[in-house]
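Numbering (this note's numbering), first residue to last: 3 to 451. Ideal Cβ positions, reconstructed from N, Cα and C, are used throughout, including at glycine. Note that the structure is a prediction, hence the values are computed from the model and not measured. Okay, so here's the structure we're looking at.
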Amino acid sequence: MLAATSLICADEAAPDLICSVCLDTWRRPVELKPCSHIFCDECINHVPPIQKCPECRCFIEAFKAPNRVLTRLAEQVKVVCGGCQWKGTREQSIGHRCFVAPKGVVAPTVKLHSVTEGVAKQLATYFVSFGGVTGSTVNGEDVIISKRGFFDLMMCFNYGDNKEDLDKIYNAVRNVLPPPPRDRLAEQVKVVCGGCQWKGTREQSIGHRCFVAPKGVVAPTVKLHSVTEGVAKQLATYFVSFGGVTGSTVNGEDVIISKRGFFDLMMCFNYGDNKEDLDKIYNAVRNVLPPPPRDGSVSVRSLCAFLAKYPADPKRLYKLNLEDYHTCMYALHEWFTKRNDAKAPILLLNEQTFTPKEFIEFAVLHKFLAPFESSKEQKRAEGHWMPMVDVVDKDGKVSRHEALRFMSSCIRVSSLRDDNFEEHLCNSGDVAASPELPRGSGTQCCSVQ
């Protein structure tokens with residue numbers, strides 16, 4: 003049986019047992035991997051499901067049961083019902099039912115679809131009693147209930163008492179009228195980036211990358227272990243841009259990066275673009291200094307020591323300056339992240355390809371090619387640009403290497419005010435996107451000064 007847990011709050015509890023989402027003690031706690039933060043199951047597994055940890059913003063890889071001692075402590079916390087003032091432990095509250103509306107709570111009006119006055123009154127009572135548990139919300143003139151709350155309501159009406167029966171009723175009710183847009187509401191919320199002021203929906207923001215530190219946000223100081231000022235500035239930019247994605251966190255004076263984030267960072271520096279090469283570098287960096295306490299992560303101190311000793315090879319930048327090269331890399335990263343619906347946080351870009359038509363769309367979106375204003379103009383422009391794409395594309399798929407050659411040529415044509423696109427394209431063709439790295443120690447895979 004489900005409980006009206008929104009009315010039940012902890013009387014007093016240790017701060018370590020508090021869920022940072024609902025600000026109450028844990029209810030059915032779950033631990034996130036890899037960050038080990040703990041939240042209530044219903045706080046973290048709501049609709050739509052959370053993909054990043056609410057505290058450190060690292061991607062959630064898996065869930066696991068927390069330490070049993072912590073779970074037992076949370077279950078024994080004293081709680082009180084805000085409606086009927088019942089008192090007990092968090093564990094005992096699972097079976098509690100309250101039918102008294104707490105002060106200040108008004109039931110929504112339920113004059114819907116010709117139900118009798120008695121049923122409407124009953125529903126109104128249930129919405130007061132179970133409002134927070136069920137996830138019911140007032141949406142215009144309608145009331146939306148989560149699936150979990152619907153099950154609770156049906157059990158109170160005695161329509162069923164097992165999941166199989168309740169699932170049948172749930173599907174039947176959803177088909178009476180078009181289903182409410184509950185699953186899409188959160189994705190369509192308008193959002194704005196605090197750094198570059200980009201605007202869009204929450205769904206569109208998944209692929210957005212910001213390279214501007216928002217006001218009041220200071221990137222970690224990365225002048226460590228004699229790296230050059232340019233590299234230090236680059237690292238600081240990356241931590242602002244990728245902070246939430248990579249799982250980088252401030253640990254005292256040091257910054258810790260997750261393994262996934264480290265791979266992302268190394269690809270942007272063009273140290274490698276496949277898992278084998280990146281694993282070598284990862285192991286080499288972790289051995290430069292003693293590894294940080296969090297298993298599997300990399301400290302910035304170790305990273306800076308490595309970069310100072312083994313700087314990136316400037317010949318791998320497709321004859322672009324560092325800023326333009328990273329602009330191209332970010333554009334590719336953003337496109338593939340959005341196309342893959344962010345299902346794979348580690349995007350090994352050498353494994354991703356465009357179709358020629360898709361690549362033209364990408365190049366127009368990121369302003370490597372001039373935009374078109376109508377479908378007729380689009381067809382004409384595609385016919386003009388396709389031969390240019392064919393110069394780099396030999397097999398019907400545009401690889402990362404071919405895309406970077408094309409973008410490099412577009413940038414140099416623009417900066418030099420020169421129309422000889424094919425000459426610039428040929429000049430950029432001697433740079434390998436995936437250089438053959440020497441076998442052996444991971445520290446050998448970068449050019450040594």
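Boundaries of the alpha helix (DSSP H) in which residue i is found, first to last residue
| i | result |
| --- | --- |
| K277 | 277-290 |
| V366 | 358-367 |
| T73 | 70-77 |
| D43 | 43-46 |
Opening and closing residue of the beta strand (DSSP E) in which residue i lies
| i | result |
| --- | --- |
| K66 | 64-66 |
| E33 | 31-35 |
| G90 | 89-91 |
| V81 | 80-83 |
| K149 | Taken as a continuous stretch (DSSP letters only), K149 belongs to no beta strand (DSSP E), being part of the alpha helix (DSSP H) at 149-158. |
| T203 | 201-203 |
Contact under 8 Å by Cβ, residue i with residue j
| i | j | result |
| --- | --- | --- |
| L319 | Y327 | yes |
| V452 | R92 | As displayed, the chain neither begins before 3 nor continues past 451, which places residue 452 out of reach and without an answer. |
| D395 | E404 | yes |
| Q53 | I40 | no |
| F265 | V300 | no |
| F65 | L34 | yes |
| F356 | V400 | yes |
| C21 | C37 | no |
| R453 | V193 | Nothing can be reported for residue 453, as the shown portion of the chain is limited to 3 through 451. |
| I259 | L322 | no |
| Y172 | K149 | yes |
| C330 | M269 | no |
| I362 | W337 | no |
Residue nearest to residue i in terms of C-alpha spacing, selected from the options
| i | options | result |
| --- | --- | --- |
| F370 | F356, R176, L406, P17 | L406 |
| V23 | V194, S401, V32, C42 | C42 |
| S411 | M390, F265, H335, D397 | M390 |
| N47 | R30, S38, C60 | R30 |
| C306 | S401, E336, L267 | L267 |
| L25 | P56, T357, S401 | P56 |
| F308 | A286, G202, N160 | A286 |
| L75 | C86, C45, P17, W88 | P17 |
| R341 | K311, L280, S207, W88 | S207 |
| Q78 | T27, R303, V32 | T27 |
Exposure of residue i, with buried meaning 16 or more beta-carbon neighbours within 10 Å
| i | result |
| --- | --- |
| K282 | buried |
| V135 | In this predicted model, V135 has a pLDDT of only 39, less than 50, meaning its place in the structure is not dependable enough to derive any value. |
| K261 | buried |
| A365 | buried |
| R288 | buried |
| V71 | exposed |
| D169 | exposed |
| Q190 | exposed |
| A372 | exposed |
| R402 | buried |
| Q199 | exposed |
| E438 | In this prediction, E438 scores a pLDDT of 35, lower than 50, which makes its location untrustworthy; no coordinate-derived value is stated. |
| D154 | buried |
| Q354 | buried |
| D397 | exposed |
DSSP three-state assignment for residue i, whether helix, strand or coil
| i | result |
| --- | --- |
| S38 | coil |
| V191 | coil |
| S401 | coil |
| F265 | helix |
| S22 | coil |
| F61 | strand |
| T27 | strand |
| S260 | coil |
| K321 | coil |
| K54 | strand |
| S299 | coil |
| P17 | helix |
| D395 | coil |
| Q94 | helix |
| Y161 | coil |
| T329 | helix |
| Y273 | coil |
| Q451 | Its pLDDT being 27, under 50, Q451 is placed unreliably in this model, and the value from its coordinates should be taken loosely. Residue state, collapsed to three classes: coil. |
| L305 | helix |
| A174 | helix |
| F408 | helix |
| D185 | In this predicted model, D185 has a pLDDT of only 48, less than 50, meaning its place in the structure is not dependable; the value taken from the coordinates is given anyway. Note: D185 maps to helix in three-state DSSP. |
| Q354 | coil |
Contact with chain D by residue i, beta-carbon distance below 8 Å
| i | result |
| --- | --- |
| S299 | No chain D appears in this structure, which consists of one protein chain only. |
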